[in-house]
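In terms of mature numbering (1 follows the signal peptide of the UniProt record, and there is no 0), the sequence shown is residues -21 to -1, 1 to 233. To keep things clear, I will list the structure first and then write my remarks on it.
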Amino acid sequence: MAVIMRMLILALFLSANTSHATSKTTITLITHEAPPYMAEALPDKGAIFFALAKVLKKGGYELNVVFAPSWVRAKMKAQTDPLIDGYAPYRAIENADLFEFSEYNLESPWVLAERKDHPIEWNKVQDLSKYVAGNVQGVELRPGVKELADQGKLKIETTTTQNNNILKLATKRVDYIFSDAFVFRYLLATDPKLKKYRNKLQINSKPIVIERYGVALKKTKNSAKIIKLINEGSDEFKKHIEDYLRQIEKEKTP
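The following block contains the structure:
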């Protein structure tokens, strides 16, 4: 009799877990700090997740966002942590056997930021080898730039945050920095420590690449359905991004 009771309890436990798994409505994504797109201290964890939560809510899903110290760490944890459903934003399709990917729903230039009194002159990435670059630890270099760095032909100094990266540029410790264009403009406009440098820095007129971003989800029985929901809400997503960025920059500018 005791054996039968234990089997019944086990069956009920397994049934409850299965029910929870199939009825899961909270999607947990991992990311890293890149305000105003992704930031733990900002409302709704930043513009991307504000917009994504709005789209997912229409399908009955809630969004939970956790942060990793770097983009590289975020992607690694997304692969190994069973509590993580995916990561955002993705830039390139990787590990397609594990993840499904939405269509690209965000575009933003990846650029060089420079001092106005020391503009960077370049036509091809090889021209950058005569300068010292600044980058944030764990932020991936883009194709062309990465190969040059791997060959030891590009001098790059790293720091822990983009705020520090901009400060190093402003104080002439590096010649230029790599940054998303809007992240650079946002931090320059909102960080009090950078206020006195606002009129001394600028974005180089030639972008390195126009980046496109989307959402990556682990493959499950429901992942295709969720990806479809995200794709169908692409126009709405972009509108929410624009609304958020306008509002947050107005509120945060000192």
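For each residue, glycine too, the CB sits at the ideal point set by N, CA and C.
Open item on the list: Can you check which of these residues, 227, 152, 83 and 122, is closest to residue 209 by C-alpha distance?
Closed with: When each option's Cα is compared against that of residue 209, the closest is 83.
TODO: Can you tell me which of the three DSSP states residue 59 falls into?
DONE: Annotated three-state conformation of residue 59 is helix, per DSSP.
TODO: Could you check the C-alpha separation between residue 199 and residue 132 for me, to the nearest Å?
DONE: If I take the Cα positions, the gap works out to 43 Å.
Open item on the list: Assess contact between the segment 81 to 98 and the segment 184 to 195, defined as three or more Cβ pairs (one per stretch) separated by less than 8 Å. Is contact present?
Closed with: Touching, per the Cβ criterion.
- [ ] Can you say whether residue 107 is buried or exposed, counting buried as having 16 or more other CB atoms within 10 angstroms of its CB?
- [x] Around the beta carbon of residue 107, a 10 Å sphere encloses 16 or more other beta carbons of the protein chains shown; the residue is thus reported as buried.
Open item on the list: Quick check: the Cα distance between residue 99 and residue 31, rounded to an integer number of angstroms?
Closed with: Cα to Cα, residue 99 sits roughly 36 Å from residue 31.
TODO: Report the rounded CA-to-CA distance for residue 43 versus residue 53, giving the unit in angstroms.
DONE: One C-alpha to the other measures close to 14 Å.
Open item on the list: Do residue 14 and residue 166 count as a contact pair if the criterion is CB distance below 8 Å?
Closed with: Yes, these two residues count as a Cβ contact at 8 Å.
Task: Residue environment, residue 184, which counts as buried when at least 16 other CB atoms sit within 10 Å - done: Of the residues assessed, residue 184 falls on the exposed side of the cut-off, its CB having fewer than 16 other CB atoms within 10 angstroms.
Task: Given residue 138 as reference, the closest of 130, 156, 125 and 122 once Cα atoms are compared - done: From the listed residues 130, 156, 125 and 122, the smallest Cα separation to residue 138 is found for 156.
Open item on the list: Beta-carbon within less than 7 Å of residue 39's beta-carbon, same chain only, minus the 5 sequence neighbours each way: which residues are those?
Closed with: So the list reads 4, once near-sequence residues are dropped.
Open item on the list: If the criterion is Cβ atoms closer than 8 Å, does the pair residue 180 and residue 92 meet it?
Closed with: Contact flag set, yes.
Task: Burial state of residue 144, where buried means 16 or more other Cβ atoms lie within 10 Å - done: Buried, because 16 or more other Cβ atoms sit within 10 Å of the Cβ of residue 144.
Task: For residue 147, the three-state DSSP class (helix, strand or coil) - done: In the structure shown, residue 147 sits in a helix (DSSP, three-state: H, G or I).
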